[in-house]
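Participant: Sharing a structure with you now.
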Amino acid sequence: AQSVTQLDSQVPVFEEAPVELRCNYSSSVSVYLFWYVQYPNQGLQLLLKYLSGSTLVKGINGFEAEFNKSQTSFHLRKPSVHISDTAEYFCAVSAASGNTGKLIFGQGTTLQVKP
Amino acid sequence: DTAVSQTPKYLVTQMGNDKSIKCEQNLGHDTMYWYKQDSKKFLKIMFSYNNKELIINETVPNRFSPKSPDKAHLNLHINSLELGDSAVYFCASSQFLDSSYEQYFGPGTRLTVT
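In order, the protein sequence lines correspond to chains A and B.
One gets our numbering by counting positions in the first sequence from 1 and adding 286 to each.
One gets our numbering by counting positions in the second sequence from 1 and adding 14 to each.
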């Protein structure tokens, strides 16, 4: 079974500052990793995903994440945030084989960008 | 055009009632999902269907019954609603039954049971 822990429930940051949202996972098998964003009163949208290969993954809206297998982490970063990045961010994991399409989500991190 | 749509967007009902939420996707995907997001924003999968076949049933009470009349639709019927059923329910779809493929989410249905 897989599990995900997002280490920060809320991250306040000023506009144009860098940000890191932390995600650790647990799994006994190889995994796929994802970051989704949920804007207020909307559904989730995929930011980026790691399937295999390069451990540095670039996504939409200037976000990137780095897969670290030894530390079982998949932290999300952005060098300069905008007010419009204010949203809920979810890290998710799934088993890379025997696939059922099942995603296990973390608890979410609220990113609050202040002017 | 909306890729994944849900109706209704809001649903307020009393305990004990039966209600349905409808989901449609126009992406040509063969896999659809239902997720529940609780008041703390924790998101958990409830069901998944692939080509109208039930794949995942995550220990959801029998009061919840998904129905997939065709690959483009996955409806959720809930019997004897309870206060604890209050949540936002999201429908999603993906091209194949493989989590390497992106899941596209609908806008959600906020269910309030009074």
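Glycine included, each C-beta is placed from N, C-alpha and C at the ideal position.
All of these numbers come straight from a predicted model, not from anything done at the bench.
Considering Cα atoms alone, identify which of Glu38(B), Lys81(B), Thr27(B), Asn89(B) is closest to Gly98(B).
Facilitator: Thr27(B)
Participant: At a Cβ cut of 9 Å, what residues of the region 102-118 of chain B count as close to chain A, listed as they run along the chain?
Facilitator: Phe104, Cys105, Ala106, Ser108, Phe110, Leu111, Asp112, Ser113, Ser114, Tyr115, Glu116, Gln117, Tyr118
Participant: Report yes if the CB atom of Cys37(B) is closer than 9 Å to the CB atom of Ser62(B), and no otherwise.
Facilitator: no
Participant: Classify Leu41(B) as helix, strand or coil using the three-state DSSP reduction.
Facilitator: coil
Participant: Find out if the Cβ-Cβ distance for the pair Glu306(A), Ser366(A) is shorter than 9 Å.
Facilitator: no
Participant: Mapping DSSP to helix, strand and coil, what is Ser380(A)?
Facilitator: strand
Participant: Straight-line CA distance for Pro304(A) to Asp32(B)?
Facilitator: Rounded to the nearest angstrom, the two C-alpha atoms are 48 Å apart.
Participant: Assuming Val379(A) contacts Leu342(A) under a Cβ cut-off of 8 Å, what Cβ separation, rounded to an integer in Å, is found between them?
Facilitator: Between Leu342(A) and Val379(A) the Cβ distance is about 18 Å, and since that is not below 8 Å, they are no contact.
Participant: Spell out whether any CB of chain A is found under 9 Å from the CB atom of Val18(B).
Facilitator: yes
Participant: From this set, Tyr311(A), Pro298(A), Ser316(A), Gly329(A), which residue's C-alpha is nearest Ala382(A)'s C-alpha?
Facilitator: When each option's Cα is compared against that of Ala382(A), the closest is Ser316(A).
Participant: Quick check on this structure: which residue in Gln328(A), Thr395(A), Thr386(A) has the alpha carbon closest to the alpha carbon of Phe376(A)?
Facilitator: Comparing Cα positions, the closest option is Thr395(A).
Participant: Return helix, strand or coil for Asp371(A), following the three-state DSSP convention.
Facilitator: helix
Participant: For the beta strand (DSSP E) holding Gln324(A), just list the boundary residues, first then last.
Facilitator: 317-324
Participant: If the cut-off is 9 Å on Cβ atoms, which residues from the region 56-68 of chain B count as contacting chain A, listed in chain order?
Facilitator: Phe56, Leu57, Lys58, Ile59, Ser62, Asn64
Participant: Can a CB atom of chain A be found closer than 9 Å to the CB of Pro22(B)?
Facilitator: By this cut-off, Pro22(B) is not an interface position.
Participant: Nearest chain B C-beta to Asn310(A) closer than 9 Å, yes or no?
Facilitator: no
Participant: Quick one: give me the first and last residue of the beta strand (DSSP E) that Phe349(A) is part of.
Facilitator: That residue, Phe349(A), is in no beta strand (DSSP E); it is neither H nor E in DSSP.
Participant: Counting only C-beta atoms, is Leu337(A) closer than 9 Å to chain B at any point?
Facilitator: yes
Participant: Do you know whose CA, among Leu95(B), Tyr49(B), Gly30(B), lies nearest Tyr118(B)'s CA?
Facilitator: Tyr49(B)
Participant: Which residue from Gly345(A), Leu293(A), Val399(A), Arg363(A) puts its Cα closest to that of Gln331(A)?
Facilitator: Here the closest residue by C-alpha is Gly345(A).
Participant: Please report the straight-line C-alpha distance between Asn71(B) and Phe300(A), rounded to a whole angstrom.
Facilitator: Taking the straight line joining both Cα atoms gives about 42 Å.
Participant: Strictly below 7 Å CB to CB, what residues from chain A border Gly163(B)?
Facilitator: The shown model of chain B, from 15 to 128, leaves out residue 163(B), and the question about it has no answer.
Participant: Check whether the Cβ atoms of Ser100(B) and Thr126(B) lie closer than 9 Å to each other.
Facilitator: Yes. Within cutoff.
Participant: Can you tell me the Cα-Cα spacing of Asp84(B) and Ser356(A), whole angstroms?
Facilitator: 43 Å
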